[in-house]
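**Student:**
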Amino acid sequence: MIQQKQSPLSNIDIWKQWKSEGLLSAKQALVEHYLPLVDYVVGRLLIGLPKNVSRDDLSSYGIMGLIDAIEKFDYERGLQFETYASWRIRGAIIDGLRQGDWVPRSVREKAKKIEDAYQKLEQHYLRSVTDAEISSYLNVSEKEFQHMLQEISITTVCSFDDPIKEEESETRLSLMVDEKARNPEYKVNEFFLKESLAKAIDKLTEKERTVVSLFYYEELSLSEIAEVMSLSPSRISQLHSKAILRLRGSLGRWKNQLMQQ
1 MIQQKQSPLS NIDIWKQWKS EGLLSAKQAL VEHYLPLVDY VVGRLLIGLP
51 KNVSRDDLSS YGIMGLIDAI EKFDYERGLQ FETYASWRIR GAIIDGLRQG
101 DWVPRSVREK AKKIEDAYQK LEQHYLRSVT DAEISSYLNV SEKEFQHMLQ
151 EISITTVCSF DDPIKEEESE TRLSLMVDEK ARNPEYKVNE FFLKESLAKA
201 IDKLTEKERT VVSLFYYEEL SLSEIAEVMS LSPSRISQLH SKAILRLRGS
251 LGRWKNQLMQ Q
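Next comes the structure, spelled out in structure tokens:
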């Protein structure tokens with residue numbers, strides 16, 4: 001995570017000035033202090049995106065997300081603002097990209113086909129399936145399959161921020177955010193989602209688990225992971241894509257089970 005100067009949260013008066021008194025100068029001070037968060041999130045999201053995606057555009061979307069986070073954050077709950085704001089910033093950037101239709105329909109269709117293949121085959125075999133099995137199911141060569149993974153790597157940036165149901169705005173990750181006053185049904189669904197995700201992670205190959213761990217928990221970039229694992233950045237990108245598609249397939253099964261209840 002990025003290094004910051006002393007957080008305004010150490011001086012609750014700044015948050016009180018904004019939240020209780022509505023002082024715009026206090027809000028501006030918070031925005032300026034947390035701007036490095038935008039740069040940090042933008043830097044991570046740029047990995048794997050097409051070269052025509054502008055950093056300035058991402059930063060603009062991210063700043064809007066930061067402002068939204070500052071407006072909605074409840075400092076009295078004692079939660080860490082950086083974590084909350086990072087997801088708001090990321091969500092705003094992804095919303096902006098989605099509105100710009102930055103991923104061709106053909107690429108999205110390929111991603112969906114592979115995701116469905118992982119979901120059906122792993123449900124059938126009850127284990128992690130191989131590239132050869134996926135290639136056979138898709139009726140393509142393994143070389144073509146690897147090329148497809150490279151093409152769709154740009155879509156896996158958004159995977160967990162996509163809606164659980166197409167007609168709704170609730171995302172997979174939103175179900176895992178700590179919010180108070182959740183009803184028992186929500187807690188049950190949250191438990192089964194986390195359990196399904198944990199089982200799905202266990203089914204990943206060792207290299208895929210390593211990439212997921214280093215990228216999402218250690219917060220290394222794909223190029224840094226490539227150096228750590230002594231693999232090429234393109235190979236790391238493929239491993240990341242396969243891991244995300246496997247996880248999406250597992251969450252898809254969880255969604256289907258939920259809808260049948």
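Numbering (my numbering), first residue to last: 1 to 261. The beta carbon of each residue, even a glycine, is placed where N, CA and C say it ideally should be.
(1) Just verifying my parser: in three-state terms, what is the DSSP assignment at Thr210?
(2) Reducing DSSP to helix, strand and coil, say where Asp13 ends up.
(3) In three-state terms, what does DSSP make of Pro104?
(4) Are there 16 or more other CB atoms within 10 angstroms of the CB of His124, so buried, or fewer, so exposed?
(5) Could you check whether the region 55-72 touches the region 16-32, counting it as contact only if at least three pairs of C-beta atoms, one from each stretch, sit closer than 8 Å?
(6) Determine, using beta carbons only, whether Val38 and Gly62 come nearer to each other than 8 Å.
(7) How is Gly78 classed by DSSP in three states: helix, strand or coil?
(8) Taking Cβ to Cβ, would you say Ile93 is nearer than 8 Å to Leu245?
(9) Throw me the rounded Cβ distance for the Ser237 and Ser153 pair, which I believe falls under 8 Å.
(10) Given this structure, state the Cα-to-Cα distance separating Glu227 from Gly43, to the nearest angstrom.
(11) Using the Cα positions of Tyr216 and Arg88, report the straight-line distance between them to the nearest angstrom.
(12) Apart from the five residues on each side of it in sequence, which residues of its chain come closer than 7 Å, Cβ to Cβ, to Thr210?
(13) Pro287 to His240, Cα distance in whole Å?
(14) Here's a check: name, in chain order, each residue in its chain whose Cβ is nearer than 7 Å to the Cβ of Leu149, leaving out the five neighbours to either side.
(15) What first and last residue would you give for the alpha helix (DSSP H) that runs through Glu151?
(16) Quick one: grab the DSSP three-state call for Met176.
(17) Tell me the rounded alpha-carbon separation between Gln99 and Ser86.
(18) Less than 8 Å between the CB atoms is what I'm expecting for Tyr84 and Lys19, so what's the real figure, rounded?
(19) Can you give me the C-alpha to C-alpha distance between Lys110 and Glu142, rounded to a whole angstrom?
(20) Closest by CA to Tyr40, which one among Leu220, Val53, Leu197?
(21) Would you mind stating whether Gly249 and Glu122 have Cβ atoms separated by less than 8 Å?
(22) Mind checking whether Leu58 and Val31 have CB atoms under 8 Å apart?
**Tutor:** Here's the rundown:
(1) Counting from one through the sequence shown, the residue named residue 210 turns up at place 210. Of the three classes helix, strand and coil, the one that applies to Thr210 here is helix, per DSSP.
(2) Within the sequence shown, the letter at position 13 stands for residue 13. Helix, per DSSP.
(3) What you label residue 104 is simply residue 104 of the sequence shown in a count that begins at 1. If DSSP states are grouped into helix, strand and coil, Pro104 belongs with coil.
(4) Position 124 of the sequence shown, counting from 1, holds the residue named residue 124. By the neighbour-count criterion, in which a residue is buried when 16 or more other Cβ atoms sit within 10 angstroms of its Cβ, His124 is exposed.
(5) Touching, yes.
(6) The residue labelled residue 38 in the question sits at position 38 within the sequence shown. The residue labelled residue 62 in the question sits at position 62 within the sequence shown. Yes, they are a contact pair.
(7) The residue given as residue 78 occupies position 78 in the sequence shown. When secondary structure is reduced to three states using DSSP, Gly78 falls in the coil class, being assigned neither helix nor strand.
(8) In the sequence shown, counting from the first residue as 1, residue 93 sits at position 93. In the sequence shown, counting from the first residue as 1, residue 245 sits at position 245. For the 8 Å CB-CB criterion, Ile93 and Leu245 do not form a contact.
(9) To locate residue 237, count along the sequence shown from 1; it is residue 237. To locate residue 153, count along the sequence shown from 1; it is residue 153. Taking C-beta atoms under 8 Å as the contact rule, Ser237 and Ser153 qualify, at a distance of about 4 Å.
(10) In the sequence shown, the residue the question calls residue 227 occupies position 227. In the sequence shown, the residue the question calls residue 43 occupies position 43. Taking the straight line from one Cα to the other gives about 18 Å.
(11) In the sequence shown, residue 216 corresponds to position 216, counting from 1. In the sequence shown, residue 88 corresponds to position 88, counting from 1. One C-alpha to the other measures close to 16 Å.
(12) By 1-based counting over the sequence shown, the position of residue 210 is 210. Only Met229 meet the Cβ criterion.
(13) The question about residue 287 has no answer, for the chain in this structure spans 1 to 261.
(14) Reading the sequence shown from its first residue, position 149 is the one you call residue 149. Here the set comprises Gln238, Ser241, Lys242.
(15) Taking the first residue of the sequence shown as position 1, residue 151 is located at position 151. In the DSSP assignment, Glu151 falls within the alpha helix (DSSP H) that extends over 142-152.
(16) The count along the sequence shown starts at 1 and reaches residue 176 at position 176. Note that Met176 has pLDDT 40, beneath the 50 cutoff, so the model's placement of it is unreliable and no number is given.
(17) One-based indexing of the sequence shown puts residue 99 at position 99. One-based indexing of the sequence shown puts residue 86 at position 86. Gln99 and Ser86 have their C-alpha atoms roughly 20 Å apart.
(18) Translated into positions along the sequence shown, residue 84 becomes position 84. Translated into positions along the sequence shown, residue 19 becomes position 19. The beta carbons of Tyr84 and Lys19 sit about 14 Å from each other, so the pair does not count as a contact at 8 Å.
(19) Start at 1 with the first residue of the sequence shown, and residue 110 comes out as number 110. Start at 1 with the first residue of the sequence shown, and residue 142 comes out as number 142. Their backbone Cα atoms lie some 15 Å apart in a straight line.
(20) The sequence position of residue 40 within the sequence shown is 40, counting from 1. It is Leu220 whose Cα lies nearest to the Cα of Tyr40.
(21) Within the sequence shown, residue 249 is the residue found at index 249, counting from 1. Within the sequence shown, residue 122 is the residue found at index 122, counting from 1. Contact: yes.
(22) Walking along the sequence shown from the start, residue 58 turns up at place 58. Walking along the sequence shown from the start, residue 31 turns up at place 31. Not closer than 8 Å, so no.
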